[in-house]
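There are 2 protein chains.
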Amino acid sequence: MSRLFRKIHYVEEAKKLFLDKINEIDLCIENVELEQALGRVLAKDIYSKMNVPPFNRAAMDGFAVVAEDTFGASEDNPIELKIIGESVIGKPFEGKLDHGEAVKIHTGAKIPDGANAVIPVEVTEVRDMQLLVFSSVAPNDNVGKIGEDIKEGDLVLKRGVILQPFDLAFLKSIGVTQVPVKCKPIIGVFSCGDELTDDVNEVMEKSGKIIDSNRLMIKTYLKKIGCRVLDYGIVRDNVNELKNVILKAMNETNLLITIGGTSVGEKDYLPLVLDNLGEPGIIIRGITASPGRPLILSIINDFPVISLPGYPVAALIDFLEFAIPIIDKMFGIRGERVLTTVRAKLRKRIPSKPGVRHYVRVRLINVDGELYADPIRITGSGVLSSVVNADGFIVIPEDIEGYEADQLVDVILFRELIGVWNEKDI
Amino acid sequence: MSRLFRKIHYVEEAKKLFLDKINEIDLCIENVELEQALGRVLAKDIYSKMNVPPFNRAAMDGFAVVAEDTFGASEDNPIELKIIGESVIGKPFEGKLDHGEAVKIHTGAKIPDGANAVIPVEVTEVRDMQLLVFSSVAPNDNVGKIGEDIKEGDLVLKRGVILQPFDLAFLKSIGVTQVPVKCKPIIGVFSCGDELTDDVNEVMEKSGKIIDSNRLMIKTYLKKIGCRVLDYGIVRDNVNELKNVILKAMNETNLLITIGGTSVGEKDYLPLVLDNLGEPGIIIRGITASPGRPLILSIINDFPVISLPGYPVAALIDFLEFAIPIIDKMFGIRGERVLTTVRAKLRKRIPSKPGVRHYVRVRLINVDGELYADPIRITGSGVLSSVVNADGFIVIPEDIEGYEADQLVDVILFRELIGVWNEKDI
Numbered sequence: 533m534s535r536l537f538r539k540i541h542y543v544e545e546a547k548k549l550f551l552d553k554i555n556e557i558d559l560c561i562e563n564v565e566l567e568q569a570l571g572r573v574l575a576k577d578i579y580s581k582m583n584v585p586p587f588n589r590a591a592m593d594g595f596a597v598v599a600e601d602t603f604g605a606s607e608d609n610p611i612e613l614k615i616i617g618e619s620v621i622g623k624p625f626e627g628k629l630d631h632g633e634a635v636k637i638h639t640g641a642k643i644p645d646g647a648n649a650v651i652p653v654e655v656t657e658v659r660d661m662q663l664l665v666f667s668s669v670a671p672n673d674n675v676g677k678i679g680e681d682i683k684e685g686d687l688v689l690k691r692g693v694i695l696q697p698f699d700l701a702f703l704k705s706i707g708v709t710q711v712p713v714k715c716k717p718i719i720g721v722f723s724c725g726d727e728l729t730d731d732v733n734e735v736m737e738k739s740g741k742i743i744d745s746n747r748l749m750i751k752t753y754l755k756k757i758g759c760r761v762l763d764y765g766i767v768r769d770n771v772n773e774l775k776n777v778i779l780k781a782m783n784e785t786n787l788l789i790t791i792g793g794t795s796v797g798e799k800d801y802l803p804l805v806l807d808n809l810g811e812p813g814i815i816i817r818g819i820t821a822s823p824g825r826p827l828i829l830s831i832i833n834d835f836p837v838i839s840l841p842g843y844p845v846a847a848l849i850d851f852l853e854f855a856i857p858i859i860d861k862m863f864g865i866r867g868e869r870v871l872t873t874v875r876a877k878l879r880k881r882i883p884s885k886p887g888v889r890h891y892v893r894v895r896l897i898n899v900d901g902e903l904y905a906d907p908i909r910i911t912g913s914g915v916l917s918s919v920v921n922a923d924g925f926i927v928i929p930e931d932i933e934g935y936e937a938d939q940l941v942d943v944i945l946f947r948e949l950i951g952v953w954n955e956k957d958i
Numbered sequence: 533m534s535r536l537f538r539k540i541h542y543v544e545e546a547k548k549l550f551l552d553k554i555n556e557i558d559l560c561i562e563n564v565e566l567e568q569a570l571g572r573v574l575a576k577d578i579y580s581k582m583n584v585p586p587f588n589r590a591a592m593d594g595f596a597v598v599a600e601d602t603f604g605a606s607e608d609n610p611i612e613l614k615i616i617g618e619s620v621i622g623k624p625f626e627g628k629l630d631h632g633e634a635v636k637i638h639t640g641a642k643i644p645d646g647a648n649a650v651i652p653v654e655v656t657e658v659r660d661m662q663l664l665v666f667s668s669v670a671p672n673d674n675v676g677k678i679g680e681d682i683k684e685g686d687l688v689l690k691r692g693v694i695l696q697p698f699d700l701a702f703l704k705s706i707g708v709t710q711v712p713v714k715c716k717p718i719i720g721v722f723s724c725g726d727e728l729t730d731d732v733n734e735v736m737e738k739s740g741k742i743i744d745s746n747r748l749m750i751k752t753y754l755k756k757i758g759c760r761v762l763d764y765g766i767v768r769d770n771v772n773e774l775k776n777v778i779l780k781a782m783n784e785t786n787l788l789i790t791i792g793g794t795s796v797g798e799k800d801y802l803p804l805v806l807d808n809l810g811e812p813g814i815i816i817r818g819i820t821a822s823p824g825r826p827l828i829l830s831i832i833n834d835f836p837v838i839s840l841p842g843y844p845v846a847a848l849i850d851f852l853e854f855a856i857p858i859i860d861k862m863f864g865i866r867g868e869r870v871l872t873t874v875r876a877k878l879r880k881r882i883p884s885k886p887g888v889r890h891y892v893r894v895r896l897i898n899v900d901g902e903l904y905a906d907p908i909r910i911t912g913s914g915v916l917s918s919v920v921n922a923d924g925f926i927v928i929p930e931d932i933e934g935y936e937a938d939q940l941v942d943v944i945l946f947r948e949l950i951g952v953w954n955e956k957d958i
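For the record, the sequence lines run as chains A and B. For the working numbering, add 532 to where a residue sits in the first sequence, where the first one is 1. For the working numbering, add 532 to where a residue sits in the second sequence, where the first one is 1.
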C-alpha cells in the first residue's frame with residue numbers, strides 16, 4: 533500500500549507536466565459546405581479570393597462626381613452639374629461619368645466609372661435635373677475604396693479556429709462556399725468495474741449493482757465539444773479484458789478515456805495494465821483535487837489514456853480540468869478555452885484544507901438584486917444530484933485556506949443558464 | 533421622414549417592453565432516449581422512481597456489525613466478533629448477520645441484513661477469522677441510509693431545464709431511460725433586399741450585388757441553440773412578396789426573424805407590411821444601440837416577428853440582445869442565460885456618445901501576464917471581419933460616457949476560446 537503515500541501532484545503542475553508530453557496529431561481533412569461547418573475546426577488557413585468591398589463604393593448618400601469639378605464651390609458660389617442617373621446597391625449605374633456630370637448614389641452603392649468622390653446630399657440642391665453643389669470635395673472623399681476592408685490574398689481566418697456562425701457568414705461574404713475542416717477526433721470510452729451495469733432492472737432487484745451513469749456523461753460531453761465517440765461499454769475487473777480493450781482502442785481511436793478503477797485499493801487491475809502495456813506508462817497518479825483525487829494519466833507508446841475516477845462528480849471535475857485541454861492540444865484547436873464564469877458574493881464561509889484544491893458546488897441566488905453563491909451541503913461524495921442542483925462551482929486553490937463570507941468569488945458555471953433553481957427550492 | 537425623429541427606445545427598456553407582451557407557447561412533447569436528449573429542453577418535471585442509495589450502504593471500509601455488540605469496546609478491552617463473509621459493491625453478502633458476527637465491507641457496498649453500523653477498519657484487527665474491535669459504534673454510524681440522497685417520489689429535475697451531460701447521467705443513475713423533451717421550436721428566417729444574392733458568381737461579375745451572409749449566420753446560430761429553421765431565402769423589396777412570405781411563416785413557424793430592410797429610407801416596404809398585417813403591428817422601431825439601431829420588433833395577431841438590421845454586425849448584436857431572450861421566454865427555458873465574459877483592462881480609452889449603447893469589439897491580449905482588451909479600429913460599419921478578428925465586445929451603456937484606459941471591463945466573448953489571434957497578428 534506504499535502507493536498511498538506516493539507524492540501526488542498539484543493540479544496545475546500535473547496538467548502542465550502531461551500537456552508537455554503530448555503533441556498535436558494529424559487528423560484527416562474533409563471539405564464541407566458552410567452550413568455543415570458550425571463547430572468544426574478549420575483545417576487550413578483561409579486567404580481571401582476577393583476584395584472587400586469588391587468595388588469602390590459610396591460611404592454616404594449623395595452624388596458621385598469628379599472631385600475636381602467641385603473645386604471652388606461655396607454657399608455663395610455653387611457649381612452646377614448635370615444629373616445623368618442613379619446608382620443603387622444591386623443596381624449600379626452602367627454608364628461612364630464625365631466632367632460636368634453627377635450620379636445620384638446611395639451608401640454602399642458602386643461608384644460609377646469616371647467618378648472619384650461622393651458629395652454629401654446635405655451640401656447639394658436639385659433643381660430640375662441640375663445639381664447645385666455648395667461645397668467642394670477632394671478625390672476619394674466619402675468613397676470606400678476597393679479592398680479597403682480585405683484585400684484579395686489576405687489571410688482572413690487561421691487553421692485551428694472552431695467555426696462560429698459569424699465565421700461562416702464571413703466566409704460566405706468573401707465568396708467561400710466550402711471549407712476544409714479537420715475530421716472529428718475519435719475518442720474511446722469505457723467504464724470499468726464488476727459492480728457496474730447499464731440495466732436499470734438489475735438495480736431495482738437490489739443486487740447491489742450500480743448503474744453506470746458516468747459513461748453517458750462523458751460520451752455526451754465529448755459529442756458536445758465535437759468529438760466522435762467509440763463506446764467500449766463496461767469492462768470487468770480483469771487484467772486480460774482490460775488489456776484487450778486498451779489495445780483495441782490504441783488501434784481504433786486517437787485518445788482513450790477510462791472511468792473508474794483508479795483508486796488505490798485491492799483490485800488494482802487498471803493501473804497495473806496502464807503501466808505495463810508500453811512506455812512510459814503512468815505519468816500522473818493522483819492529484820491534489822477534491823473531488824477528483826484519483827486521476828491517472830498515462831502514455832502508452834505515444835497513445836494517451838485519461839483515467840477518470842469512478843465517483844461521478846470527481847469524473848466530471850477531472851474531465852473539465854484535464855480532458856478538455858488535452859483534447860484541445862491534441863487536435864490543434866486555436867486559442868485558450870474560457871469557462872463561463874460569473875462573479876458572486878459568498879453567502880457563507882467555506883473552509884478548505886491547505887494543499888488540496890477544492891471544487892465547491894454552489895447555487896446562485898439573487899438576494900435584493902445582488903448575486904450570491906450559496907455552497908451546497910453535500911451528503912454523498914459521489915452524488916450527481918449535487919451537480920444537477922448546482923449552478924456552478926468555486927475553485928479554492930491549494931495555497932488558499934478557504935474563502936470568507938461576503939468575499940467576491942468567480943463561479944464557473946455548469947450550465948449556460950443560471951438560477952435554474954429558485955431560492956425557495958432549496 | 534418624420535419617423536426619423538420618432539423616439540427610439542433604450543435597449544433594456546425595449547427588451548422589457550417587448551418581452552412583457554409575449555407568452556410561453558405550447559410546444560409538442562416527444563420522448564427521446566437519454567443519449568439523444570443533450571441540449572434539449574425538459575418538457576415535464578421529473579420525479580425519482582427509486583431511492584438513492586437504493587439500500588443501506590457502507591460509508592467507510594470496515595466491518596458491518598450489530599452496533600450494540602460493540603458497546604464498551606476499548607483499546608484495553610477489545611470485543612471479539614466472528615467474520616462470516618464479505619460485502620463488495622456488486623456482490624453483496626447474501627446471508628443475514630446475527631449478534632456476535634461481522635461482515636467485511638467496502639465503501640459503497642450493501643449493509644447485510646441484521647447489521648446496523650460499520651466499524652472502521654482502523655479500529656479493528658483480524659486474527660484468524662476472528663475480529664478484534666477496539667472501539668464502539670452507535671447504530672447507523674458510517675451507514676449511508678437508503679434514500680439519503682434522493683427519496684423515491686422526490687422532484688429531481690424541473691421542466692424547462694436545458695439538458696446537460698450530467699443531467700442525463702443523473703437521470704440514468706435513478707433508473708430513467710427515456711425523457712420527455714419539448715419539440716424544437718420552428719423559426720422562420722428570411723433576408724430582404726433587391727441587392728442580395730446567394731450566388732458568389734454574381735458578385736464576382738461586379739454586378740454591384742452583395743452576398744447574403746446574414747441569413748447563414750442567423751440560421752446556424754438558431755441551430756446552435758436548439759431550434760429548427762425554416763429558410764424562406766431572399767425576399768425582394770416588394771410589398772406583396774413580403775406579405776405572402778410573412779403570412780406563410782405565421783402558418784408554418786413559431787417565430788419569424790427577418791434581416792435587412794429596417795432602416796428608415798425610401799424603400800420602407802418591410803415596416804409597412806409589418807404594421808398592416810394584423811394587430812398590434814410594430815411595437816419597437818429603433819433602439820439606442822450602436823451598432824444595432826434599426827431593429828424592429830412586431831407582434832402580428834400574437835405572432836412575434838424580429839426584424840434585424842441588414843448590417844451584419846448590427847444583426848449579430850441585436851440577435852444576441854433580443855432574439856435569444858425572446859426565444860428563451862417563448863419556449864419556456866428555465867433560468868437566466870449568462871454570456872461568457874472575462875475581465876480585462878482596457879488598453880486605450882474608448883469614447884462614447886451619451887444616450888447610445890455602444891458595442892465595442894475588442895481583442896484580448898496578454899501583456900506581461902495581464903489580460904488587456906484592445907479595441908479594434910473599425911473601417912466599414914458592416915464588416916464581419918471586425919467580429920471574426922475580435923475575441924469579444926464591451927458594452928458601454930447609454931448613461932456612461934466612455935471608458936478610460938486601464939479601467940477594468942467585462943468582455944463578452946464571441947467565441948468559447950480567446951486569444952485566437954496573437955498580438956503580433958494585429
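The beta-carbon is built from N, C-alpha and C at its ideal position, and this holds for glycine as well.
In the same chain as I882(A), and ignoring 5 residues on each side of it, the C-beta atoms closer than 8 Å to its own belong to H890, V892, P907, I926, I928, G934, Y935, in chain order. Listed as beta-bridge partners of R817(B) by DSSP are I828(B). For N609(B), the closest C-alpha among the options G707(B), T656(B), I832(B) is that of T656(B). Apart from the 5 residues on each side of it in sequence, E853(B) sits with its Cβ closer than 8 Å to the Cβ of V543, K547, A821, G824 in its chain, given in chain order. With respect to the 8 Å criterion, F698(A) and V761(B) are not classified as neighbours on the basis of their beta carbons. A distance below 7 Å between beta-carbons, with the five flanking residues on each side excluded, links N672(A) to the following residues of its chain, in chain order: N648, A649.
At a beta-carbon threshold of 9 Å, the residues of chain B lying near K756(A) are L570, G571, Q696, P697, ordered along the chain.
Per DSSP, the unbroken alpha helix (DSSP H) holding R747(B) starts and ends at 746-756. Taking the beta carbon of E727(B) as reference, the chain A residues within 9 Å of it are V620, I621, G622, K623, G640, A641, listed in sequence order. Of the candidates D630(A), P585(A), V777(A), P585(A) places its Cα closest to the Cα of S917(B). The bridge partners DSSP lists for I578(B) are L689(B).
The shortest C-alpha to C-alpha distance from D807(B) to any of L787(B), I819(B), P836(B), E784(B) is the one to P836(B). Taking 9 Å as the Cβ-Cβ cut-off, the stretch 812-830 of chain A has no residue approaching chain B. Taking 8 Å as the CB threshold, V598(A) stays off the interface with chain B. If you check each beta-carbon in the stretch 865-887 of chain A against every beta-carbon of chain B, the ones closer than 9 Å belong to I865, R866, G867, E868, R869, V870, L871, T872, T873, V874, R875. Put simply, the stretch 685-703 of chain A does not touch the stretch 715-732 of chain A. Fewer than three CB pairs are less than 8 Å apart. Beta bridge pairing from DSSP links I791(B) with S723(B), L840(B).
A direct Cα-Cα distance of roughly 24 Å separates N583(A) from I694(A). By the neighbour-count definition (other C-beta atoms within 10 Å, threshold 16), V899(A) is an exposed residue. In the same chain as L788(B), and ignoring 5 residues on each side of it, the C-beta atoms closer than 6 Å to its own belong to G720, A781, V837, in chain order. Of all alpha-carbon atoms in K628(A), G604(A), V635(A), E607(A), the one lying nearest the alpha-carbon of G617(A) is that of V635(A). The beta carbons of V805(A) and I778(A) sit closer together than 8 Å.
Excluding its 5 nearest sequence neighbours in each direction, K755(B) has C-beta neighbours in its own chain below 8 Å: V761, listed in chain order. Counting the other Cβ atoms within 10 Å of the Cβ of I932(B) gives fewer than 16, which makes it exposed. Chain-order list of chain B residues neighbouring N746(A): A701, by C-beta distance under 8 Å. Beta-bridge analysis with DSSP links D699(B) to no other residue.
Secondary structure at V584(B): strand, using DSSP grouped into helix, strand and coil. Cβ-Cβ separation between S745(B) and K704(A): approximately 4 Å, consistent with a contact (criterion under 8 Å). If you check each beta-carbon in the stretch 925-948 of chain B against every beta-carbon of chain A, the ones closer than 7 Å belong to L945, F946, R947, E948.
Take the alpha-carbon of I757(A) and the one of D686(A): they are about 30 Å apart.
Secondary structure note for T602(A): it is in no beta strand (DSSP E), and the uninterrupted alpha helix (DSSP H) holding it is 599-602. For V711(A), the closest Cβ of chain B is not nearer than 8 Å. In this structure, T729(B) lies near I743(B), with their beta-carbon atoms less than 8 Å apart.
Under the DSSP definition of a beta bridge, S619(B) partners with I637(B). Within the DSSP bridge table, the entry for G676(B) names R589(B) as partners. I858(A) sits close to L551(A), with the two beta carbons spaced by under 8 Å.
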